[in-house]
Ligand code: C2O
Ligand code: CU
Ligand code: CU
């Protein structure tokens with residue numbers, strides 16, 4: 003049904019035939035200057051308001067009255083958002099926004115989902131969560147336009163973490179996500195080692211490209227190659243919002259990279275960051291960090307101490323992710339969030355606990371798999387491959403077994419970084435290898451997405467605890483749509 007080529011990728015992104023043909027023509031005749039005008043950072047950038055108080059994302063309300071059950075209705079629908087003064091931008095939203103679902107370990111989840119997107123299938127994929135394969139919104143389980151389905155699953159003990167959810171329909175994921183569909187799923191533990199005094203603040207990063215008339219331009223060929231990068235990075239839908247804190251205050255911040263293709267190398271100026279959690283929840287003990295890289299789909303939990311009055315800005319540093327062609331966006335020097343720290347001191351805060359939890363070590367793999375990531379350019383057709391193939395829903399690439407510990411070797415032989423993600427479980431990074439140099443992580447952590455740098459090999463340890471077909475793929479969503487994805491069938 004879908005040819006796995008560059009050109010069908012365009013069709014998948016809803017560019018009609020004549021438009022695609024025109025674009026091919028334009029690309030062929032392009033001068034350096036024209037090329038620049040097609041780039042995300044073109045000169046007609048709209049000014050978005052900055053410095054407004056950080057808003058909280060809307061909560062998805064629990065409709066159940068029984069304890070231990072979370073029941074709600076969720077609909078994906080077209081909507082309008084006002085990003086720039088006087089302009090309404092047509093977008094896609096879940097219940098009119100980007101909601102936060104909050105539940106607890108041990109809870110039963112029942113979400114009645116409706117696809118209200120005209121003319122397009124969609125799914126809800128619970129990124130990183132240990133949910134049964136047929137409830138995980140994979141491309142094999144599309145919800146057709148206008149129809150409903152129930153997603154039901156139980157949250158096991160030990161699953162507390164910062165997850166998110168987004169559409170995953172075959173060939174349409176990138177467009178549905180950049181048009182606005184994504185939400186946060188917080189699973190809370192029965193008892194939380196992080197002091198309640200720190201609060202719990204969600205910071206969801208998205209990446210907006212907006213034209214002068216307020217619309218979102220369709221993706222172009224550069225977007226398909228590098229992944230679509232926008233003109234404005236937003237936090238909870240706002241540009242550089244302001245967070246008010248008191249001197250001496252510590253805050254728990256959960257950062258979510260919900261962009262299609264942005265790599266954030268982050269630094270907090272004038273505030274100290276301590277890493278306490280990764281994709282799959284808390285790590286064992288806090289780790290002080292000066293900066294961190296947050297690749298597409300990755301999450302971290304931080305404790306940030308605001309000890310000096312004044313302002314503390316969350317900013318980006320330069321990062322080389324192997325941009326192809328012209329139009330490399332500015333990565334450095336963006337301010338994502340500004341904390342305004344009062345002179346008046348906060349009431350005394352409890353110290354960061356020295357011990358957070360215990361993480362089992364995944365040892366003694368019984369199976370090793372090798373997945374080689376490559377890119378190839380055939381004329382105007384770009385392909386992104388895993389072990390020489392693009393995604394085919396009818397093909398099983400790997401066969402695994404429930405409960406089996408495996409070592410996966412992800413070998414990036416391509417020219418750009420590819421953030422690698424596996425569905426259905428969390429993994430542990432065993433080591434990174436680049437240019438013959440092997441580095442092991444200094445702490446144990448659960449992850450569901452790991453950036454594999456161009457030329458690097460990352461070895462991960464994982465175990466699937468539930469049967470069924472699971473996807474693994476690059477989380478630059480344009481690459482995923484173009485087929486940089488495979489299927490592991492986990493047998494009972
Ligand atoms: Cu977040 Cu298969 O994706
Ligand atoms: Cu996923
Ligand atoms: Cu990729």
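Residue numbers (the numbering used here): 3 to 494. We treat Cβ as the ideally placed atom computed from N, Cα and C, and that holds for glycine.
Which residues end up in the neighbourhood of ligand 2 when you take C-beta atoms closer than 5 Å to any of its heavy atoms?
129 and 425
Between the Cα of residue 161 and the Cα atoms of 443, 91, 467 and 50, which residue gives the shortest distance?
-> 467
> Along the chain, which unbroken stretches of the beta strand (DSSP E) at least 3 residues long are found entirely within the segment 118-144?
Replying inline: 127-129
Under the assumption that residue 249 contacts residue 345 (Cβ atoms under 8 Å), give the Cβ distance between them as a whole number of angstroms.
6 Å
Nearest neighbour of residue 255, chosen from 164, 262 and 321 [CA to CA]: 164
Using the Cα positions of residue 493 and residue 438, report the straight-line distance between them to the nearest angstrom.
-> 35 Å
Cβ-based neighbour list, residue 66, same chain, cut-off 7 Å, excluding 5 preceding and 5 following
72 and 73
Handout entry: Selection from 226, 228, 243 and 227 that minimises the alpha carbon distance to residue 234
Key = 243
Just to confirm my understanding: we take residue 34, look at its own chain, exclude 5 residues before and 5 after, and list those with CB closer than 6 Å. What are they? Summary for residue 34: the model assigns pLDDT 38, below 50, so the residue's position carries little reliability, and this model does not support an answer.
For residue 337 and residue 376, the rounded distance between their alpha carbons:
33 Å
| Spatial distance of residue 1 from residue 50 (CA atoms) | Since the first residue of the chain shown is 3 and the last is 494, residue 1 is not available in this structure.
Report task. Kindly indicate the opening and closing residues of the beta strand (DSSP E) around residue 460. Result -> 458-464
Worksheet item: Just to confirm, does residue 420 get its C-beta within under 8 Å of one of the non-hydrogen atoms of ligand 1?
Response: no
Would you report the Cα separation of residue 231 and residue 99, rounded to the nearest angstrom?
21 Å
- request: Examine the Cβ distances between the segment 283-298 and the segment 356-365 and report whether three or more of them are shorter than 8 Å.
  value: yes
**Request:** Measure the Cβ-Cβ separation of residue 450 and residue 429 and say whether it is below 9 Å.
**Result:** yes
Check your understanding: Nearest to residue 419 by CA position, among 81, 445, 410 and 455, is which residue?
Key -> 455
Using the Cβ count rule (16 or more neighbours within 10 Å means buried), how would you classify residue 303?
buried
Let me confirm a value: residue 445 is counted as buried when at least 16 other C-beta atoms fall within 10 Å, else exposed. Which label applies? exposed
- Same chain, Cβ closer than 6 Å to residue 9, neighbours up to 5 away in sequence not counted: Bear in mind that a pLDDT of 29 at residue 9, under 50, signals an unreliable position, so the model cannot answer this.
Practice item. Pick helix, strand or coil for residue 224, following the three-state DSSP scheme. Key: helix
Can you give me the start and stop residues for the beta strand (DSSP E) that residue 104 sits inside? 102-106
Rounding to the nearest angstrom, what Cα-Cα distance links residue 484 and residue 133 in this structure?
25 Å
Legend entry - Rounded distance between the beta-carbons of residue 137 and residue 155, thought under 8 Å: 5 Å
Original post:
Which of helix, strand or coil does DSSP assign to residue 427?
Top reply: coil
Considering only residues of the same chain and omitting the five flanking positions on each side of residue 185, which have a CB-CB separation below 6 Å?
96, 100, 101 and 167
**Same chain, Cβ closer than 6 Å to residue 114, five either side skipped, listed in chain order** = 75 and 152
Start and end of the alpha helix (DSSP H) containing residue 180? 175-180
Identity of the residue in 94, 388 and 447 nearest residue 487 by Cα = 388
field: Backbone CA spacing between residue 92 and residue 221 [nearest angstrom]
entry: 15 Å
Handout entry: DSSP bridge partner residues for residue 450 (one or two, in chain order)
Key = Answer by DSSP bridge pairing: none, since residue 450 is not bridged.
- prompt: When DSSP labels each residue in this structure, what does residue 170 get in the three-state scheme?
  reply: coil
| message | By DSSP's criteria, residue 115 is part of a beta bridge. Which residues make up the other side? | response | 76 and 151
| task | Determine which residues share a DSSP beta bridge with residue 96 and list them. | result | 78 and 99
Same chain, Cβ closer than 8 Å to residue 322, five either side skipped, listed in chain order: none
Once you ignore the five residues that flank residue 294 on each side, which residues in its own chain have a CB closer than 6 Å to its CB?
268
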